[in-house]
Amino acid sequence: MTDRTLILGIGNLLWADEGFGVRCVERLAERAGFGPEVQIMDGGTQGLYLLPFLEDARNLLVFDAVDYGLPPGMMKVVENEAVPAFMGAKKMSLHQTGFQDVIATAQLKGICPDRLCLIGVQPEELEDYGGGLRPIVAAQIDPAVDRGLDKLAQWGVHPTGPGTGSPDLADVALRRDAYEGGRPSEDMAYRHGDERFVPGRRR
Amino acid sequence: MVVQTPNGFSLDTAGQRIVVDPVTRIEGHMRCEVNVDADNVIRNAVSTGTMWRGLEVILRGRDPRDAWAFTERICGVCTGTHALTSVRAVEDALGIEIPDNANSIRNMMQLNLQIHDHVVHFYHLHALDWVNPVNALRADPRATSELQQTVGPNHPMSSPGYFRDVQNRLRQFVESGQLGLFRNGYWDNPAYLLPPEADLMAVTHYLEALDLQKEIVKVHTIFGGKNPHPNWLVGGVPCPINVHSTGAVGAINMERLNQVSTILSLCDDFVRNVYIPDVIAIGGFYRNWLHGGGLSSQAVLSYGDIPEHANNFAPETLHLPRGAIINGDLSTVHEVDIRDPEQIQEFVDHSWYDYGEPGVGKHPWDGVTNAKFELGENTVGSRTNIREIDEAAKYSWIKAPRWRGHAMEVGPLARYIVGYASGHEQITDQVTGLLRTMDLPVEALFSTLGRTAARALEAQYCADLQRHFFDKLVTNIRNGDESTANVARWDPSTWPASTRGVGFTEAPRGALGHWVSIADGRIENYQCVVPTTWNGSPRDAAGNIGAFEASLLGTPMERPEEPVEILRTLHSFDPCLACSTHVMSPDGHELTTVKVR
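If you read the sequences in order, they're chains V and Z.
Take the first sequence: its position 191, counting from 1, is numbered 191 in full-length UniProt numbering, and each next residue is one higher.
Take the second sequence: its position 359, counting from 1, is numbered 359 in full-length UniProt numbering, and each next residue is one higher.
As structure tokens, this is what we get:
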């Protein structure tokens, strides 16, 4: 029997660079196809509701916008024990409280995947509701997918063919081109959040 | 200074101020400030939604047939409910009728989400307000086994060995320093009343509920094509039915229907044999802690949901009841029409929005979402670091919706009070049965515990309804009707140049409405009034306080620096601030800051 692998993009695509993880899995599914033992999923901000999908997975690869305190656009990869521990550090992913709990709960239940890898990019702009990725972050999609494919190869998980998309991605209306292209103008759509609560805010 | 609010509450800001920010284990971000008197009883409460959410404005100019996909993303939990509300609003605007099968399937998805959400809420978000996992380590597994067999005799997993295994796993987890999940607790607070064996039973069911979750999501995968974020369709549901096929990708065939049937039985078993017995057992230990009623005895609202017949939203055909109760008069259930501009209005006098003139309420069809962040002159702190908010001025990102001028509570308890007051047969039977079992008077309903119990009863009712619609779907298919979508008005060329519509559901947390205006095939205006907008509402121009605020008044706190009681009551509403505002956390490993001033 082949080991199952879950490739998860998390984040809220309505909040600018917060959508990075979701866009990465979209791109990955375009670039590479895998057998049925690999699931590529847009996890959104589902938090604990993602737990069922971790079960039975031996490998978990997560893409996310992570506040590492690094310059915007910088990529950092952390693995295994460091993933939840690192997620406990200051200002990492915006839903880390959610996803950290998912991993902790999986550990309590004894179903946590053996191998974890988090590929994160430092966001530039989050305080832009309805916005898309900033260029410096968007430019990291392909490099992040490269790193992801390398990691999968190290785990012995190889593409079986060209990308064919995944049934578990965002609806076409929310794919990057449609979402960013269909955006109402700034006059029509107020774009700013509450300055007290947004890490990595407009500088 | 003591102030009487028009809706009958007395507020006193004289005592010590306690700030809880953020309120944890909720979806989204909120802050709460209270004043306690010399006996540590809460005498004033201020609830603040602390994040902007501007879904309305980002939908402008988009295709209305896509709105569901955007609204699914506002929230991490009730995705499907927003999507359903959205497609209903667009169908209403365009005069689209859906087929019977689509109605049955949508109802099953909505009921399924209701059960899923209620179970996750109770075990994973709310239980820790009543249950002490650290105390569970002190339990005798044999005593837990005996308790299990007494309160839930039909639940097979009840041996001492089983509970011992769970206890060992929990011990390892806690001793490895990973308190993780349980890190925000106040585990030596005397507000926790359960004996260790009940704590261990509840923690065990916390884990079993996770196993149920794994199965329950498959219903959305089957009918919605995928999960999370299932697909929806204006005009019906996106899954074709083909009972004669065996291999058609995505089509609903007998094999899939059988799979759904199995999952419905699992839900029913769990709710009947675990969830409800747990609520009765845990509630029994807290039977004297009947605080937290707030608005529930005064003013409750439900839009109703789960139509028996497709496209018929008349109140008598809705399985979840519609109605409003005001001034504490349960003998009169008022009719509710959410299209009526006189009935539903949103005020922003204490919200960070601007209508251009004070004291004005706007019906959602005429809704305006212009942000205006400003603080009152009595604010302590700065714009980016508020130490004490000034509730005399604007103080929340949540608008203040009112029904005929009244602040209302919404949610499972509101639905059950409306159902009980209107003599709804199943609901009345359930409520009277529970009160008899627990030997409590009807007034006990108006409490934090009542809110929690109503949610459990509703999960049972939803499980029954789910089976009803499953049978209805299968019968209809057997009779040869395989239609799941009406696409006659899919093409925008068939639409009027200008139109508007409203969609409503009863989300797990309460009444949810989307109001849409469409012009030239595009969204012109879109307004969502979500359950937490009602419950988490700030004061209005007249000074009426909202449901969260009202629910905290009069509650004694064991230790003001440990807000167990505040969290317990706020959690009983299952707040979803991601919808009413937006979710964001400034610091991932965040401990709730509690400041006593």
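Just so you know, even glycine gets a beta-carbon here, dropped at the ideal spot from N, CA and C.
Keep in mind the model is a prediction, meaning the values are calculated, not measured.
For residue 13(V) and residue 217(V), the rounded distance between their alpha carbons:
There is simply no residue 217(V) to check, as chain V begins at 1 and stops at 203 in what is shown.
Taking the alpha carbon of residue 531(Z) as the reference point, which residue from 310(Z), 574(Z) and 557(Z) has its own alpha carbon closest?
Ranking the options by Cα distance to residue 531(Z), first place goes to 574(Z).
Would you say residue 394(Z) lies against chain V (beta-carbon separation less than 8 Å)?
Chain V places no beta carbon closer than 8 Å to that of residue 394(Z), leaving this residue out of the contacts.
Buried or exposed, going by whether 16 or more other CB atoms sit within 10 Å of the CB of residue 95(V)?
Reliability fails at residue 95(V), whose pLDDT of 43 lies under 50, so the model's placement of it is uncertain and the value that follows must be treated cautiously. Residue 95(V) comes out buried.
Counting only beta-carbon atoms, is residue 58(Z) nearer than 8 Å to chain V?
Answer yes: the Cβ-Cβ gap between residue 58(Z) and chain V drops below 8 Å somewhere.
Taking residue 372(Z) as the query, report the chain V residues whose CB atoms sit under 8 Å from its CB, ordered along the chain.
Using a Cβ-Cβ cut-off of 8 Å, residue 372(Z) is close to nothing in chain V; its nearest Cβ partner there is about 10 Å away.
What does the alpha-carbon distance come out to for the pair residue 343(Z) and residue 89(Z)?
Rounded to whole angstroms, residue 343(Z) to residue 89(Z) spans 18 Å at the Cα level.
Distance between residue 414(Z) and residue 301(Z) (C-alpha atoms, nearest Å)
Taking the straight line joining both Cα atoms gives about 6 Å.
On the premise that residue 35(Z) lies in contact with residue 16(Z), defined as a C-beta separation below 8 Å, what is that separation, rounded to the nearest angstrom?
Yes, residue 16(Z) and residue 35(Z) are in contact; Cβ-Cβ is about 7 Å, under 8 Å.
Name, please, each residue of chain V whose Cβ falls closer than 9 Å to the Cβ of residue 66(Z).
Among the residues of chain V, those whose CB is under 9 Å from the CB of residue 66(Z) are 171, 172, 173, 174, 178 and 182, following chain order.
Three-pair Cβ contact test at 8 Å for the segment 54-65 of chain V versus the segment 215-227 of chain Z
Cβ pair count under 8 Å is below three, so no.
If we ignore side chains and look at the alpha-carbon of each, how far apart do residue 82(V) and residue 170(Z) end up?
Each residue's CA atom was taken as its position, placing residue 82(V) and residue 170(Z) some 22 Å apart.
What did DSSP end up calling residue 11(Z) once you bin it into helix, strand or coil?
It is a strand residue.
I think residue 207(V) touches residue 70(V), with their Cβ atoms under 8 Å apart; what is that distance to the nearest whole Å?
Shown here, chain V extends from 1 to 203; a query on residue 207(V) therefore has no answer.
For the segment 34-61 of chain Z, which segments carrying the beta strand (DSSP E) assignment without a break, of at least 3 residues, lie completely within its bounds, in sequence order?
Within the segment 34-61 of chain Z, the complete beta strand (DSSP E) segments at least 3 residues long are 42-49, listed from N- to C-terminus.
For residue 177(V), is the classification buried or exposed, using 16 other Cβ atoms within 10 angstroms of its Cβ as the cut-off for buried?
By the Cβ neighbour-count rule, residue 177(V) is exposed, with fewer than 16 other Cβ atoms within 10 Å of its own.
Taking 6 Å as the limit between beta carbons, can you name the residues of its chain near residue 8(V), skipping five residues before and five after?
So the list reads 41, 43 and 62, once near-sequence residues are dropped.
Beta-carbon separation of residue 16(V) and residue 132(V) under 8 Å?
For residue 16(V) and residue 132(V), yes; Cβs fall inside 8 Å.
Using a Cβ-Cβ cut-off of less than 7 Å, give me the residues of the segment 20-46 of chain V that come near chain Z, in sequence order.
42, 43, 44, 45 and 46: these are the residues of the segment 20-46 of chain V whose beta carbon lies less than 7 Å from some beta carbon of chain Z, given in chain order.
List the residues of chain V whose Cβ lies closer than 7 Å to the Cβ of residue 120(Z), in chain order.
Going along chain V in sequence order, the residues near residue 120(Z) (Cβ under 7 Å) are 48.
Can you give the beta carbon distance from residue 235(Z) to residue 91(Z), rounded, assuming they're within the 8 Å contact cut?
About 7 Å; that satisfies the 8 Å criterion.
Going along chain V, which residues have a C-beta under 7 Å from residue 62(Z)?
Ordered by position in chain V, the residues that pass the 7 Å Cβ test against residue 62(Z) are 182.
Could you tell me which residues DSSP puts in a beta bridge with residue 121(V)?
DSSP output for residue 121(V) lists 65(V) and 75(V) as bridge partner(s).
Quick check on the DSSP output: the beta strand (DSSP E) that includes residue 8(V) runs from which residue to which?
Start and end: 4-10.
Helix, strand or coil, according to DSSP, for residue 167(V) in the structure here?
Residue 167(V) carries a coil assignment under DSSP once its states are collapsed to helix, strand and coil.
Going along the chain, which residues of the segment 127-154 of chain V sit with their C-beta nearer than 8 Å to a C-beta in chain Z?
129 and 130: these are the residues of the segment 127-154 of chain V whose beta carbon lies less than 8 Å from some beta carbon of chain Z, given in chain order.
Which same chain residues, not among the five before or five after residue 682(Z), have their C-beta less than 8 Å away from its C-beta?
Look at the range of chain Z in this structure, 1 to 597, and you will see that residue 682(Z) is not part of it.
Assess, as a yes-or-no matter, whether the segment 409-426 of chain Z is touched by the segment 378-385 of chain Z under the definition of 3 or more beta carbon pairs within less than 8 Å.
By the Cβ test, the segment 378-385 of chain Z is not in contact with the segment 409-426 of chain Z, since fewer than three Cβ pairs between them sit closer than 8 Å.
Using DSSP's beta-bridge definition, name the partner residues of residue 59(V).
Looking at the DSSP output, residue 59(V) sits in a beta bridge with 5(V) and 115(V).
Chain V contacts made by the segment 210-224 of chain Z, where a contact means CB separation under 7 Å:
Here the close residues are 210, 213, 214 and 217.
For the structure I just gave you, are there three or more beta carbon pairs, one from the segment 350-359 of chain Z and one from the segment 394-404 of chain Z, closer than 8 Å?
Yes, the segment 350-359 of chain Z is in contact with the segment 394-404 of chain Z.
So residue 306(Z) and residue 107(Z) are in contact, right, with Cβ under 8 Å, and what is the actual spacing, rounded?
About 5 Å separates the two Cβ atoms, so the contact holds.
Taking the beta carbon of residue 18(V) as the centre, do at least 16 other beta carbons fall within 10 Å, making it buried, or is it exposed?
Classification for residue 18(V): buried.
Taking CB distances under 8 Å as the criterion, tell me whether residue 231(Z) reaches chain V.
Cβ-Cβ to chain V under 8 Å: yes for residue 231(Z).
With a 10 Å radius around its C-beta and 16 neighbouring C-beta atoms as the bar for buried, classify residue 158(V) as buried or exposed.
Classification of residue 158(V): exposed, given that the 10 Å Cβ count is below 16.
Report back the beta-carbon spacing between residue 125(Z) and residue 286(Z) to the nearest angstrom; my notes put them in contact at under 8 Å.
Not really, about 17 Å apart at Cβ, beyond 8 Å.
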